[in-house]
Amino acid sequence: MVVKLTLSKIITRYDKRKLVFRKGREDYWSNLENSLVKEGLNSDKYSLVQAYKSFFHKGKYELMDGNHRVYILKKLYPEEKEIKVKMISRLDVILVYLKTPFLFIREMLKR
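The working numbering puts the last residue of the sequence shown at 111; the count rises by one with no breaks.
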């Protein structure tokens, strides 16, 4: 289901952190910002931001996909700005985090 959420209701992984720039990717954030200013959240080119109801913050949503994009949008626009997000269930989130270690181990065993 696709819904519109205001930026104020979305929590990204980067809201309370200092950004760390990896070697060789110093331009990543400025390139992303330039792309968002020029194209916006182009759902024809990129997947929709994926959100779920926060487990810990009432009335807020956390992101499964799109943390970087929304972090930059929060810097660029007022918190009342609405964006389209694809809602995913909390159960889907739990299943992803339960499967991830097993997928990693499977990939390592292939080598």
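Beta carbons: idealized from backbone N, C-alpha and C, even for Gly.
Query, Result
"From the DSSP output, in three-state form, read off ASP65 for me.", "strand"
"Work out the CA separation of LYS110 and ARG17 for me, nearest whole Å.", "35 Å"
"Tell me, please, whether the region 5-15 touches the region 79-92 by the rule of three or more beta-carbon pairs shorter than 8 Å.", "yes"
"Please list the terminal residues of the continuous beta strand (DSSP E) segment that includes GLU82.", "82-87"
"For TYR46, which option in LYS58, GLY24, ARG69, ILE94 has the closest C-alpha, if you only look at C-alpha atoms?", "ARG69"
"What is the rounded straight-line gap between the Cα of MET64 and the Cα of THR12?", "9 Å"
"Which word fits GLU62, buried or exposed, when buried means at least 16 other C-beta atoms lie within 10 angstroms of its C-beta?", "buried"
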